[in-house]
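Engineer: For what it's worth, our numbering labels the leading residue of the sequence shown as 5, then goes sequentially.
Here a beta-carbon is modelled for each residue, glycine too, at the ideal position from N, C-alpha and C.
The structure's right below; bear with me while I get my questions together.
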Amino acid sequence: MQPIFYGSYAMLWVLVAVQTTVLLEVLRRTVRLKREIDESTPAEIKEERLAGGTRVELAARDLTRGGVVRTDDLRGAPAALLFLTPEPPGQGLPEWLLDTFLGLKSKSEGRLYVLCDGDAEACSALAGQAGPDVPVLLDERGEIRHRFMVSSTPGAVMLDEEARVSMYGRPERPID
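Here's what the structure looks like:
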């Protein structure tokens, strides 16, 4: 009886050793594949982001209501900052993008601010398209966008109740 027991016990350890070897090889291949993917990914896709909880100071002219909006004005309720670049004169924003930010405004428990990365005249036209309920802030040289590390427009940053970064996003054009 003991030889059968020892034989079974030895076979069990052989199986454990084989499984361990196979799992280690799978892990090595996974790590190598991840490294290859990271190395081959273009730099513009690997966007750097601010850590959650980071507070970014800003001061931007409100083209919709007048005055200046500062970081402290964003405290109290969650806020979404939607970074846009105005379209060429006479072209206006695409309908899907207008629907996106008007939909955000109607569904949100927080506030929506559109930060326009362009000159004052083009951004004022954008403010006219957005309507009086959506504040359009002027980010003339993209300084605020760069402080939030948003590399391209359209892009969005969600802020928590203390005006700290909580999440990044990007509105996507629906497929026709």
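I need the straight-line Cα distance from L130 to V140, nearest angstrom please.
Structural biologist: Using only the alpha carbons, I get a separation of about 8 Å.
Engineer: Can you name, in chain order, every residue of its own chain whose Cβ lies under 7 Å from the Cβ of P136, other than the five neighbours on each side?
Structural biologist: Cβ neighbours of P136 beyond the five flanking positions: T68.
Engineer: Does the distance from the C-beta atom of P90 to that of G122 stay below 9 Å?
Structural biologist: A contact, by the Cβ cut-off of 9 Å.
Engineer: Indicate the three-state DSSP secondary structure (helix, strand or coil) for F152 in the structure shown.
Structural biologist: In the structure shown, F152 sits in coil (DSSP, three-state: anything other than H, G, I, E or B).
Engineer: Can you name the start and end residues of the beta strand (DSSP E) that A160 belongs to?
Structural biologist: It spans G159 to L163 - the beta strand (DSSP E) in which A160 sits, taken as one unbroken run.
Engineer: With a threshold of 8 Å on Cβ separation, who are the neighbours of E166 within its own chain once the five nearest residues in sequence on each side are excluded?
Structural biologist: R59 and R79, listed in sequence order.
Engineer: Could you say which of S170, Y172 and L163 lies nearest to D77 if we only look at CA atoms?
Structural biologist: The shortest C-alpha separation from D77 is found at L163.
Engineer: Please confirm whether P158 and R115 have their CB atoms less than 9 Å apart.
Structural biologist: No, Cβ-Cβ distance for P158 and R115 is not below 9 Å.
Engineer: Measuring CA to CA, which of M171, E99, L101 and V73 is closest to D143?
Structural biologist: Answer by Cα proximity: V73.
Engineer: Suppose the cutoff is 7 Å on Cβ atoms and the five residues either side in sequence are ignored; what does the same chain contact list for A63 look like?
Structural biologist: Cβ within range, chain order: V72 and R74.
Engineer: For L101, which of helix, strand or coil comes out of DSSP?
Structural biologist: L101: helix per DSSP, three-state reduction.
Engineer: Please classify A160 as buried or exposed, where buried requires at least 16 neighbouring CB atoms within 10 angstroms.
Structural biologist: When all chains shown are included, A160 counts as buried.
Engineer: A84: buried (16+ other C-beta within 10 angstroms of its C-beta) or exposed?
Structural biologist: Buried.
Engineer: So, at 7 Å on beta carbons, what are the nonlocal neighbours of V154 in its own chain, with the 5 sequence-adjacent residues on each side left out?
Structural biologist: Taken in chain order, the residues that qualify are F87 and V161.
Engineer: In this structure, does DSSP put D66 in helix, strand or coil?
Structural biologist: Strand, per DSSP.
Engineer: Which residue marks the beginning of the alpha helix (DSSP H) containing L130, and which one marks its end?
Structural biologist: Run containing L130: A124 to A134, per the alpha helix (DSSP H) assignment.
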